[in-house]
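As structure tokens, the structure follows; a few thoughts come after it.
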Amino acid sequence: MNQSDDDPPPPHRLTPAERKTFPVIAGILGTLSAVAQFLTSHIQNGLWLFAVSVVVAIVIAVVTIAVMRTRRAAILIGALVVAVSAGGAVGYLVGQQEGGGEAGAPRSPAPGPSEPATRSAPATSVDTNPRGLTIDSELNGLRVGLLADIRGQMNALQPGEEIWILVQPQDSERVFPQGSCNRLSTTAWKCVDAAFGEQADPEGLHFWVTAVVIRAADEPKYKGYYESGFPQTEPPVKPVSTSKPIEVIRG
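Pasting the structure below:
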């Protein structure tokens, strides 16, 4: 028996309107899925999000088919699930190629300008500081000019002892002694116009500053290194007491 245009189509066949509109709807949903999965491929756990979205689409399709109970519904919903899943897969794979690796993997930051290597602060311990020598903590991190005053505290010095400071640029192996410092009282001292580098040095240059107690008889051994500095590993004088270092910055 022939079927007229007014008769409803069999449940396993699509209507002419469905055949026209369905490819457009499937294409739109597939494209949206591709865009969504392309975006999720760049975030952490993007693969899991893609898998969950496909499972949810399948569950919705199965429930819809069970409710509509027609083969035509199965054809429509099943094809839409395929379109969404295929579009999502394409979007995810393209995103992976674009991102260059596993989803969620942190990208290496672009290399920045290299900074000069800095050296660790000179090590100190209680055994090397029997005079309780300290530099005032508020000076730590201070920005200074070419010249700056350095002050601190101490226990009472012994006769024939002096306080000096050792200045070391953090990008250098040489240490520059400066002193002797003024004793303001039995527990306070101050080094006036301590020098930090040269006039032409740029802002941002870091220096370690350490205070030391030496015997007055050793003072001439330091004076020969005012300009040239001495190697960090070969100090000309063994201090009686050494403070913890602080850091100051030109600028």
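So the sequence shown is numbered by UniProt numbering: it starts at 1 and just counts up by one.
In this text, a Cβ means the ideal position worked out from N, Cα and C, and glycines have one as well.
Bear in mind that the values here come from a model prediction, so they are computed numbers and not experimental data.
Take arginine 183 and list the residues in its own chain whose beta-carbon comes closer than 6 Å to its own, dropping the five residues that flank it on each side.
Counting from one through the sequence shown, the residue named residue 183 turns up at place 183. Closer than 6 Å at Cβ, skipping near neighbours: Trp189.
C-alpha distance - arginine 215 paired with aspartate 193, whole-angstrom precision:
On the sequence shown, residue 215 is found 215 positions in, with the first residue counted as 1. On the sequence shown, residue 193 is found 193 positions in, with the first residue counted as 1. Near 22 Å, if we compare the C-alpha coordinates of aspartate 193 and arginine 215.
On a Cα-Cα basis, can you pick out the residue from Gly27, Gly224, Pro231 and Thr242 that is closest to threonine 210?
Position 210 of the sequence shown, counted from the first residue, corresponds to residue 210. Closest by alpha carbon: Thr242.
First and last residue of the beta strand (DSSP E) that includes proline 169?
Your numbering for residue 169 matches position 169 in the sequence shown. 161–169 is the span of the beta strand (DSSP E), which, as asked, contains proline 169.
Measuring CB to CB, does glutamine 232 end up less than 8 Å from valine 167?
As a working mapping, residue 232 is identified with position 232 in the sequence shown. As a working mapping, residue 167 is identified with position 167 in the sequence shown. Contact: no.
By the DSSP assignment, the beta strand (DSSP E) with lysine 190 in it spans what residues?
Against the sequence shown, residue 190 aligns to sequence position 190. Note, lysine 190: beta strand (DSSP E), 188–195.
Mind reading off the beta-carbon distance from leucine 139 to valine 240? Whole number of angstroms is fine, and I expect it under 8 Å.
Counting from 1 along the sequence shown, the entry for residue 139 is found at position 139. Counting from 1 along the sequence shown, the entry for residue 240 is found at position 240. The pair is not a contact, with the Cβ atoms about 22 Å apart (cut-off 8 Å).
Just to confirm my understanding: we take proline 236, look at its own chain, exclude 5 residues before and 5 after, and list those with CB closer than 6 Å. What are they?
Residue numbering aside, residue 236 sits at position 236 when the sequence shown is read from its first letter. The answer, listed in chain order, is Lys221 and Phe230.
For lysine 238, which of Arg250, Ser228, Ala217 and Ile246 has the nearest alpha-carbon?
Working through the sequence shown from its first residue, we reach residue 238 at position 238. Of the candidates Arg250, Ser228, Ala217 and Ile246, the one whose C-alpha sits nearest the C-alpha of lysine 238 is Ala217.
Beta-bridge pairing of glutamate 247 - partner residues as DSSP gives them
By 1-based counting over the sequence shown, the position of residue 247 is 247. Trp208.
Using a Cβ cut-off of 8 Å (strictly closer), state whether glycine 197 contacts chain C.
Going by chain labels, chain C is absent from the structure shown, which holds only one protein chain.
Please confirm whether glutamine 178 and tryptophan 164 have their CB atoms less than 8 Å apart.
Here residue 178 refers to the residue found at position 178 of the sequence shown. Here residue 164 refers to the residue found at position 164 of the sequence shown. Against a cut-off of 8 Å, the Cβ pair of tryptophan 164 and glutamine 178 comes out as a contact.
Which same chain residues end up closer than 6 Å to arginine 143 when comparing Cβ atoms and leaving out the 5 residues on each side of it in sequence?
Counting from one through the sequence shown, the residue named residue 143 turns up at place 143. Within the same chain, arginine 143 has close Cβ partners Ile249 and Gly251.
Can you have a look at aspartate 149 and say buried or exposed, based on whether 16 or more other CB atoms are within 10 angstroms of its CB?
On the sequence shown, residue 149 is found 149 positions in, with the first residue counted as 1. Counting Cβ neighbours within 10 Å, aspartate 149 comes out exposed, since fewer than 16 surround it.
Within this structure, are the beta carbons of leucine 205 and proline 169 separated by less than 8 Å?
Within the sequence shown, residue 205 is the residue found at index 205, counting from 1. Within the sequence shown, residue 169 is the residue found at index 169, counting from 1. Cβ atoms of leucine 205 and proline 169: closer than 8 Å.
Boundaries of the beta strand (DSSP E) in which proline 220 is found, first to last residue
On the sequence shown, residue 220 is found 220 positions in, with the first residue counted as 1. Run containing proline 220: none in the beta strand (DSSP E); it sits in the alpha helix (DSSP H), 219–223.
Among Cys181, Arg151 and Glu173, which has the Cα closest to the Cα of glutamate 161?
The residue given as residue 161 occupies position 161 in the sequence shown. Here the closest residue by C-alpha is Cys181.
Roughly how many angstroms separate the alpha carbons of valine 212 and aspartate 171, rounded to a whole number?
Here residue 212 refers to the residue found at position 212 of the sequence shown. Here residue 171 refers to the residue found at position 171 of the sequence shown. Their backbone Cα atoms lie some 21 Å apart in a straight line.
Determine the extent of the beta strand (DSSP E) in which valine 175 is found, giving its start and end residues.
Along the sequence shown, one-based indexing puts residue 175 at 175. It spans 174–179 - the beta strand (DSSP E) in which valine 175 sits, taken as one unbroken run.
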